[in-house]
Structures are given as C-alpha cells and as structure tokens.
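Read through the structure below, which is laid out as structure tokens, and then see the notes.
Residue numbers (the working numbering): 149 to 358.
Laid out in structure tokens, this is it:
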C-alpha cells in the first residue's frame with residue numbers, strides 16, 4: 149500500500165482484553181494448533197475459552213467487541229471514525245479464520261463481502277486463460293480485501309489465498325453501503341484504496357502483456 153493509507157496502530161491480541169492466566173490462554177492456543185494439524189478450520193480462541201468454562205459468554209462478547217473496534221480503528225478505511233461510530237459499525241462485522249494455503253476468494257465468482265485482514269498475510273493473484281497465475285500483491289493487517297468487488301456487483305476480479313493462518317473481519321457490502329455512500333471520511337478513504345488497487349492491477353497486467 150502507499151504511504152498515505154498505511155497506519156502505524158496495532159490492535160491487541162484477544163487475550164489482552166481478558167483477565168485470564170497465560171497458561172489458560174496457552175491451552176486454548178494448543179487446541180487451535182491441534183485443529184490445524186488435523187486439517188480442520190480452527191475455532192476462535194474465545195470460543196474455546198467459553199467452552200472450557202474459563203470465561204463467560206458475556207466476557208467473551210465484550211472482549212471480542214473491544215478487539216473488533218480496535219482492529220477497525222487500525223484499518224485505513226475506518227480509522228477516521230470516532231469510537232462511537234466504530235462501536236456502531238463493528239456490529240456489522242464477524243470474525244473468520246482461514247488456514248494457511250486455503251483460497252477463500254475466487255476470481256470471477258460472486259462474493260459480496262468486504263474483508264479486513266486482522267492477522268496473518270494473504271496473496272492476491274489473477275488466473276490467466278492458460279491457467280498460470282499473475283501475482284498482484286501480498287496484503288497484511290489491517291488492509292481491506294474485496295473492495296473492488298463493491299463496484300463489480302460482488303463479482304471478484306482476483307483470487308485470494310492465505311499465506312499464513314489468517315484471521316479476518318468480514319461484512320457484506322449491503323451492511324456497509326451507508327458508510328461508503330453517505331459518510332465522506334469513509335467514502336474517500338475507500339475510494340483511495342480502490343483506485344490504488346485498480347492502478348496496481350492494470351500496471352501488472354500491462355507488464356505481463358508487453
């Protein structure tokens with residue numbers, strides 16, 4: 149990303165929003181690791197803590213909301229919103245976990261969702277007619293993914309796969325339309341990213357065809 153939309157802020161880990169022992173957190177992390185080894189999609193650490201009786205559902209929900217607000221505040225799309233506005237929009241997002249190597253956005257397929265990378269790294273690429281891949285970019289926290297689809301009827305212009313184990317915030321475009329079309333601070337930041345990514349893709353395709 150260009151310097152104008154790179155932020156220095158960083159959200160805390162989920163455990164930092166809870167009052168639990170390091171050993172309790174480590175046990176939940178081990179359970180996540182076991183799921184990964186078995187080829188399963190790991191559950192959120194908070195869900196594991198609730199299931200084990202280490203925290204209540206209310207403690208989980210409050211911690212998750214606070215972390216989600218901080219993560220959105222780190223994103224170049226939403227960083228200019230106030231805490232009150234971030235709290236309101238945070239309810240429209242949910243967390244998903246993507247294991248390393250898994251493709252979770254597929255070129256030319258419909259998926260009307262905006263993703264915010266919360267941890268890990270993803271690769272954005274296009275598949276050419278001959279089946280070869282054109283690498284476009286690596287995207288890291290707290291950048292958005294899927295922003296260009298907002299103007300393409302939700303159809304993906306590129307594919308995305310997780311390089312590491314990735315955690316994302318995601319929300320359907322329809323839940324964010326008010327902010328993209330009626331809140332100038334968000335709309336301008338969103339368009340800056342869309343234009344940057346569009347230019348980046350066009351330059352790469354041009355280089356490949358030259």
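Where a beta carbon is used, it is the ideal one built from N, C-alpha and C, also for glycine.
Pull up the distance between the alpha-carbon of residue i and that of residue j, whole angstroms please.
i: residue 160; j: residue 202; result: 20 Å
i: residue 256; j: residue 170; result: 44 Å
i: residue 215; j: residue 274; result: 32 Å
i: residue 290; j: residue 200; result: 30 Å
i: residue 261; j: residue 167; result: 33 Å
i: residue 304; j: residue 264; result: 16 Å
i: residue 232; j: residue 332; result: 17 Å
i: residue 244; j: residue 183; result: 15 Å
i: residue 340; j: residue 227; result: 14 Å
Quick check on DSSP: helix, strand or coil for residue i?
i: residue 258; result: strand
i: residue 252; result: strand
i: residue 168; result: coil
i: residue 290; result: coil
i: residue 317; result: strand
I'd like to check one pair, residue j with residue i: are the Cβ atoms closer than 8 Å?
i: residue 240; j: residue 323; result: yes
i: residue 311; j: residue 293; result: no
i: residue 252; j: residue 308; result: yes
i: residue 220; j: residue 194; result: no
i: residue 356; j: residue 282; result: yes
i: residue 229; j: residue 334; result: yes
Within a Cβ cutoff of 7 Å, which residues of the same chain sit near residue i, ignoring the five residues on either side of it in sequence?
i: residue 248; result: 310, 311, 312, 313
Using CA atoms only, rank isn't needed, just tell me which of the options is closest to residue i.
i: residue 222; options: 347, 317, 339; result: 317
i: residue 300; options: 351, 346, 180; result: 346
i: residue 177; options: 306, 197, 302, 242; result: 197
Is there a Cβ of chain B sitting closer than 8 Å to that of residue i, yes or no?
i: residue 353; result: The chain labelled as chain B is not found in the depicted structure, where only one protein chain is given.
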